[in-house]
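> Protein chains in written order, with the working numbering: chain A, 1 to 239; chain B, 1001 to 1239. Here it is, the structure, as structure tokens.
Protein chains: 2
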Amino acid sequence: MPAPVKSVKPDFEVIRRNKVYEEVAKQIERLILKKLKPGDKLPSERELAEILQVSRSSIRDAIRGLELVGLVEPRQGTGTIVRERTTESSANPFANALKRRQGLVTELLDFRKMIEPPLAARAAANATAEEISEMEEILQRQEKTQSQGEAAIAEDADFHYGIALASGNSVVLKVIDTLMDLLRDTREHSLQVEGRAQKSLAGHRRILAAIKRHDAEAAKAAMRRHIEDVEEIVLNTKF
Amino acid sequence: MPAPVKSVKPDFEVIRRNKVYEEVAKQIERLILKKLKPGDKLPSERELAEILQVSRSSIRDAIRGLELVGLVEPRQGTGTIVRERTTESSANPFANALKRRQGLVTELLDFRKMIEPPLAARAAANATAEEISEMEEILQRQEKTQSQGEAAIAEDADFHYGIALASGNSVVLKVIDTLMDLLRDTREHSLQVEGRAQKSLAGHRRILAAIKRHDAEAAKAAMRRHIEDVEEIVLNTKF
DNA sequence: GCAAGTGGTCTGGTAAGCGGACCAGCTCAC
DNA sequence: GTGAGCTGGTCCGCTTACCAGACCACTTGC
């Protein structure tokens, strides 16, 4: 059940200035989730400042935040490394954040159930040969990652993002983009469940096959089934 | 066709700090579109500052911007009034903004086609008696406004927003919320077309009727038809 | 051991926003 | 009328976030 909201559309929202270091923190967090393992080194502060087009101070503010929540550990002279994720302790703010979002997870899944099947249908209609081969590469990466016993979180995200791209609708892209932060939570969780990884890969393959032969209805159906699989896992798992 | 985007998901986005007065300007602009007519007075600067929780300086910066594009006219001692919209001139930045977004309009419609039918289905399943009567009130307001020969822009927005509320999915709500700025453009336009207003009201009534008897499939179908109507109008109109 | 790279610290400067005070113009009740 | 109470117009000083650069302390690899 959602939080009670004021009647219909409120005329105004309070305005909040966004802080650069918060944005930076989000992006670094995303990078860690997608591309880095515990023990890996972050790009240097000066490098990040260059890439993100902000000053080093802002990078440092962001890193200090990530350090405080225990995600990262700066070492003078060496670099900033990604810390082991302490999944057990309930004092772990990371796990807590996940739990707090538990209500959101089902809503997110529901949202995906609404949007992704028709999205897959449009991808089937509009995908270019180039986009299809791009997605094929992604699935190969997913297979490789999983064969090494790792969770292919980044690849899973890339695949679904690739479909949004291939749909040719930039509005959807924008939406998916802003929801990425939340999406990755459900994804990370479900991929760690036993036997889930194989099922995910198979689902992706079915979807891509339908897209490849430009069969919109089949793509839609395959996507629906895929997301229902994810849903089943998530709902039947105790947190 | 969307702008060419870099291969799949880019690792980083450049970070931009938002400016409070720009946000304020957006909200005031929205208020004008939704609730005010030319000649109406804006809330006083001090009042707006209180509501939006920003300083009066920021409100003033925003109003200056709206004054520069000719949307609004501050009068010392009286208040700030909404100016007549000069619809004809192609030098009108308002109309230009609409045209520039022309490409977006079809994509937005497509997005709505994806999301709103399943959303209506969920609303049919989850809507409380209170939410339903809320939507009934909105439709009565829409009827009243249209009977006076005016475009019921605010009511149209409220109705669709009400459905999102009744669906009980806060994620969807968040998405709709952030897209509101764009949505209002397609809506404003389509409602001004001859005969469109009646059709819109009828469509809304059918949707609400289905929701009221908790018929998810009928709600979905009615919503799909409603949006296709809108789409037809928009696509067949020369800008 | 030393050069090169890293994070740690500090300083000076800029821009946005805040909060408050005061002025000038309009309106309306008395 | 006229004055009280609104309104927008202007100015000031302060704080915060951010930037740019310099320098230090530490680690590592040659």
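Every residue, glycine too, gets a C-beta built ideally from N, C-alpha and C.
How big is the Cα-Cα spacing for Arg1122/B and Ile115/A?
Position 122 of the second sequence, counted from the first residue, corresponds to residue 1122/B. Position 115 of the first sequence, counted from the first residue, corresponds to residue 115/A. If I take the Cα positions, the gap works out to 13 Å.
> Using 8 Å as the limit for Cβ to Cβ distance, is Met1223/B near chain A?
Walking along the second sequence from the start, residue 1223/B turns up at place 223. With 8 Å as the cut-off, Met1223/B does not count as an interface residue toward chain A.
> Specify the secondary structure class of Thr1080/B as computed by DSSP and reduced to three states.
On the second sequence, position 80 is the one that residue 1080/B refers to. Thr1080/B: strand per DSSP, three-state reduction.
> Under 8 Å: do the stretch 11 to 31 of chain A and the stretch 56 to 70 of chain A share three or more Cβ pairs, one atom per stretch?
Yes: the two stretches touch, three or more of their Cβ pairs being nearer than 8 Å.
> Is it a yes or a no for the stretch 66 to 86 of chain A touching the stretch 24 to 43 of chain A, going by three-plus beta-carbon pairs under 8 Å?
Yes: the two stretches touch, three or more of their Cβ pairs being nearer than 8 Å.
> Can you grab the Cα-Cα spacing for the pair Ser1170/B / Gln146/A, in whole Å?
The residue you call residue 1170/B lines up with position 170 of the second sequence. The residue you call residue 146/A lines up with position 146 of the first sequence. Distance between the alpha carbons of Ser1170/B and Gln146/A: 33 Å.
> With DSSP run on the structure shown, which of helix, strand or coil describes Val1315/B?
Any answer about residue 1315/B is impossible in this case: the structure gives chain B only from 1001 up to 1239.
> Which bits of chain A does Arg1017/B rub up against, with CB to CB less than 7 Å?
As a first step, residue 1017/B must be located in the second sequence, where it is residue number 17. Neighbours of Arg1017/B on chain A, chain order: Asn18, Val20.
> Bridge partners for Val72/A per DSSP, in chain order?
Taking the first sequence and counting its residues from 1, one reaches residue 72/A at position 72. Answer by DSSP bridge pairing, in chain order: Val82/A.
> Could one say the Cβ of Thr87/A lies closer than 8 Å to chain B's Cβ atoms, at least one of them?
By 1-based counting over the first sequence, the position of residue 87/A is 87. Caution is warranted here: a pLDDT of 42 is assigned to Thr87/A, below 50, making its placement in the model unreliable, and no coordinate value can be reported.
> Here's the rule: buried if 16 or more other CB atoms are within 10 angstroms of the residue's CB, otherwise exposed. What is Glu242/A?
In the structure displayed, chain A extends from 1 to 239; residue 242/A sits before or after that span and is not available.
> Expressed to the nearest angstrom, what Euclidean distance is found between the alpha-carbon atoms of Ile1211/B and Met1223/B?
For the purposes of this step, residue 1211/B is taken as the residue at position 211 of the second sequence. For the purposes of this step, residue 1223/B is taken as the residue at position 223 of the second sequence. Taking the straight line from one Cα to the other gives about 11 Å.
> Closer than 6 Å by C-beta to Pro117/A: which residues in its own chain qualify, once you throw out the five before and the five after it? Chain order, please.
Position 117 of the first sequence holds residue 117/A. Here the set comprises Lys220, Met223, Arg224.
> Given a cut-off of 8 Å on the beta-carbon distance, is the pair His1214/B and Ala1124/B in contact?
One-based indexing of the second sequence puts residue 1214/B at position 214. One-based indexing of the second sequence puts residue 1124/B at position 124. Yes.
> What residues in its chain sit with their C-beta under 8 Å from that of Ile51/A, if we drop five residues either side in the sequence?
The residue labelled residue 51/A in the question sits at position 51 within the first sequence. Closer than 8 Å at the Cβ level, and outside the excluded window around Ile51/A, lie Pro43.
> Please check the pair Glu1134/B and Gly1162/B, which I expect to be a contact at CB under 8 Å, by giving their CB distance rounded to whole angstroms.
Within the second sequence, the letter at position 134 stands for residue 1134/B. Within the second sequence, the letter at position 162 stands for residue 1162/B. Contact holds; Cβ gap of about 6 Å.
> With Arg56/A and Arg64/A assumed to form a contact (beta carbons below 8 Å), what rounded beta-carbon distance in angstroms separates them?
Position 56 of the first sequence, counting from 1, holds the residue named residue 56/A. Position 64 of the first sequence, counting from 1, holds the residue named residue 64/A. Actually they are not in contact, since the Cβ atoms of Arg56/A and Arg64/A sit about 12 Å apart, beyond 8 Å.
> List the whole-angstrom C-beta distance separating Val82/A from Lys26/A, where the pair is believed to meet the contact cut-off of C-beta under 8 Å.
By 1-based counting over the first sequence, the position of residue 82/A is 82. By 1-based counting over the first sequence, the position of residue 26/A is 26. The pair is not a contact, with the Cβ atoms about 16 Å apart (cut-off 8 Å).
> If the cut-off is 8 Å on Cβ atoms, which residues from the stretch 110 to 141 of chain A count as contacting chain B, listed in chain order?
Residues Asp110, Phe111, Lys113, Met114, Ile115, Pro118, Leu119, Arg122, Glu134, Ile138.
> Under 6 Å Cβ to Cβ from Leu48/A, same chain only, skipping five residues before and after it: list those, please.
Numbered from 1 along the first sequence, position 48 holds the residue referred to as residue 48/A. So the list reads Ile59, once near-sequence residues are dropped.
> Determine the burial state of Ala202/A: buried for a count of at least 16 other Cβ atoms within 10 Å of its Cβ, exposed for fewer.
Taking the first residue of the first sequence as 1, we reach residue 202/A at position 202. It is exposed - the Cβ of Ala202/A has fewer than 16 other Cβ atoms within 10 Å.
> What does Val14/A reach in chain B if we use C-beta pairs closer than 7 Å?
Stepping through the first sequence from its first residue, residue 14/A is reached at position 14. Near Val14/A (Cβ distances below 7 Å), the residues of chain B are Leu1052, Gln1053.
> Consider the Cβ of Ser170/A: report whether some Cβ of chain B lies at a distance smaller than 8 Å.
Working through the first sequence from its first residue, we reach residue 170/A at position 170. Yes, Ser170/A counts as interfacial toward chain B.
> Rounded to whole angstroms, how far is the Cβ of Ala1197/B from the Cβ of Ala1152/B, which I believe are closer than 8 Å?
What you label residue 1197/B is simply residue 197 of the second sequence in a count that begins at 1. What you label residue 1152/B is simply residue 152 of the second sequence in a count that begins at 1. That belief holds up - the Cβ atoms of Ala1197/B and Ala1152/B are roughly 7 Å apart, short of 8 Å.
> If you draw a straight line from the alpha carbon of Ala141/A to that of Glu150/A, how long is it in whole angstroms?
Within the first sequence, the letter at position 141 stands for residue 141/A. Within the first sequence, the letter at position 150 stands for residue 150/A. Just to set this straight, residue 141/A is Arg in the shown sequence, not Ala. Whole-angstrom Cα-Cα distance: 12 Å.
> Quick check on Gly77/A: buried or exposed, where buried means 16 or more other Cβ atoms within 10 Å of its Cβ?
Within the first sequence, numbered from 1, the residue matching residue 77/A stands at position 77. Exposed: under 16 other Cβ atoms inside 10 Å.
> Is the Cβ of Val1072/B closer than 8 Å to any Cβ of chain A?
Here the question's residue 1072/B lines up with position 72 in the second sequence. So no, Val1072/B is outside the interface.
> For the alpha helix (DSSP H) containing Glu1130/B, name the first residue and the last one.
Within the second sequence, numbered from 1, the residue matching residue 1130/B stands at position 130. Start and end: 1129 to 1147.
> Please determine, among Glu13/A, Ile138/A, Glu155/A, Glu67/A, the residue with the shortest C-alpha to C-alpha distance to Ile28/A.
Position 28 of the first sequence, counted from the start, is the residue given in the question as residue 28/A. It is Glu67/A whose Cα lies nearest to the Cα of Ile28/A.
> Could you tell me the alpha carbon to alpha carbon distance between Phe111/A and Ser1167/B, rounded to whole angstroms?
Here residue 111/A corresponds to residue number 111 of the first sequence, with the count starting at 1. Here residue 1167/B corresponds to residue number 167 of the second sequence, with the count starting at 1. So the two alpha carbons sit approximately 11 Å from each other.
> Give the single residue among Asp156/A, Leu165/A, Val54/A whose Cα lies nearest to the Cα of His204/A.
Locating residue 204/A in the first sequence gives position 204, where the first residue counts as 1. Cα-wise, what sits closest to His204/A is Asp156/A.
> Just to confirm, does Glu1013/B get its C-beta within under 7 Å of one of the non-hydrogen atoms of the ligand NAD?
Ligands displayed in this structure: none; no statement on the ligand NAD is therefore possible.
> Buried or exposed: where does Asp158/A fall if 16 or more other Cβ atoms within 10 Å of its Cβ makes it buried?
Numbered from its first residue, the first sequence carries residue 158/A at position 158. By the 10 Å Cβ count, Asp158/A comes out buried.
> For Val1230/B, would you say it is in contact with chain A, using Cβ-to-Cβ distances shorter than 8 Å as the test?
Locating residue 1230/B in the second sequence gives position 230, where the first residue counts as 1. Chain A, which has no Cβ nearer than 8 Å to the Cβ of Val1230/B, makes this no.
> If you run the structure through DSSP and keep just helix, strand and coil, what is Lys1037/B?
On the second sequence, residue 1037/B is found 37 positions in, with the first residue counted as 1. Of the three classes helix, strand and coil, the one that applies to Lys1037/B here is coil, per DSSP.
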